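Heads up, the thing below is written out as structure tokens.
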Amino acid sequence: MISRFKEHLNKREDTISPLDELISLDSFCPLDLSVFNSDLDLIEITDPKTCQQYIDSQLEKHNSKVAYGGYLERRNLYSDKSSFSKQEIFRNIHLGIDFWTTAGTKVIAPLKGKIHSFQNNSAIGDYGPTIILQHELEGFRFHTLYGHLSLESIESIRIGQEFEKGSVLGTLGTPDINVNYAPHLHFQIIIDMEGMNGDYPGVCSEDKLEFYTQNCPDPKLLLNF
Numbered sequence: 576m577i578s579r580f581k582e583h584l585n586k587r588e589d590t591i592s593p594l595d596e597l598i599s600l601d602s603f604c605p606l607d608l609s610v611f612n613s614d615l616d617l618i619e620i621t622d623p624k625t626c627q628q629y630i631d632s633q634l635e636k637h638n639s640k641v642a643y644g645g646y647l648e649r650r651n652l653y654s655d656k657s658s659f660s661k662q663e664i665f666r667n668i669h670l671g672i673d674f675w676t677t678a679g680t681k682v683i684a685p686l687k688g689k690i691h692s693f694q695n696n697s698a699i700g701d702y703g704p705t706i707i708l709q710h711e712l713e714g715f716r717f718h719t720l721y722g723h724l725s726l727e728s729i730e731s732i733r734i735g736q737e738f739e740k741g742s743v744l745g746t747l748g749t750p751d752i753n754v755n756y757a758p759h760l761h762f763q764i765i766i767d768m769e770g771m772n773g774d775y776p777g778v779c780s781e782d783k784l785e786f787y788t789q790n791c792p793d794p795k796l797l798l799n800f
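According to this note's numbering, the residues represented by the sequence shown are 576 to 800, in order.
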């Protein structure tokens, strides 16, 4: 399944972004929020204000507007959130790419699709307002998830509504709406939704990694970063 998906995407040559097209790709810089980044050892990365301060420092350092990264990154960002821990199992491996930038930034469809589902996942540490698109690429069906949006993003949409490549899906939410994170977009590819609607795991535990790596391939395949 994953090899077929990669084969389709390898035919594409254009680089695309799920953020406002007015933000040049030259103003994106990589960001490491992993447990291996020693810069994070002495700061409270789970606090949205502290996290924002660190992100701002990296944006300033690289003269950038957007910091991105995080696919299969092992993070301490979720260590204070009870929904990520069940007895001895701890989910800390990130399954999408995060794009950290200012609240209110436009989120766009990187390719044509229609709304599969949407909802406000309002538990602390979750996505907040979330939209999931369904796509068809040469007969192959897959999905893209957009998390941490504004409430306005899901107020006037409907299931089945179509979006052309480059059209505006919504905007990024503030920390009070995206449930305790610094403003960012969580962007994830999902092949099989497993019957879920408006939500899908964006972080997994080590014992589930093999399955999720297959079902949620690297978003850079699609974005061609």
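Even for Gly, the Cβ is constructed at its ideal location relative to N, Cα and C.
Everything numeric in this text was worked out from a predicted model, so none of it was measured.
Asked, Found
"Endpoints, beta strand (DSSP E) assigned at residue 800", "Counting along the chain, residue 800 falls outside any beta strand (DSSP E), and DSSP gives it neither H nor E."
"Where residue 623 falls: helix, strand or coil (DSSP)", "helix"
"CB contact flag (residue 634, residue 682, <9 Å)", "no"
"CB-CB length for residue 758 against residue 677, believed under 8 Å", "6 Å"
"Cβ contact check for the segment 709-725 and the segment 679-694: 3 or more pairs under 8 Å", "yes"
"Beta bridge counterpart(s) of residue 673 as assigned by DSSP", "644, 761"
"N- and C-terminal bounds of the alpha helix (DSSP H) containing residue 787", "784-790"
"Where residue 598 falls: helix, strand or coil (DSSP)", "coil"
"Validate contact between the segment 696-708 and the segment 734-754 using beta carbons, cut 8 Å, 3 pairs", "yes"
"From 795, 768, 680, residue whose alpha carbon lies closest to that of residue 597", "680"
"As assigned by DSSP and simplified to three states, the class of residue 652", "coil"
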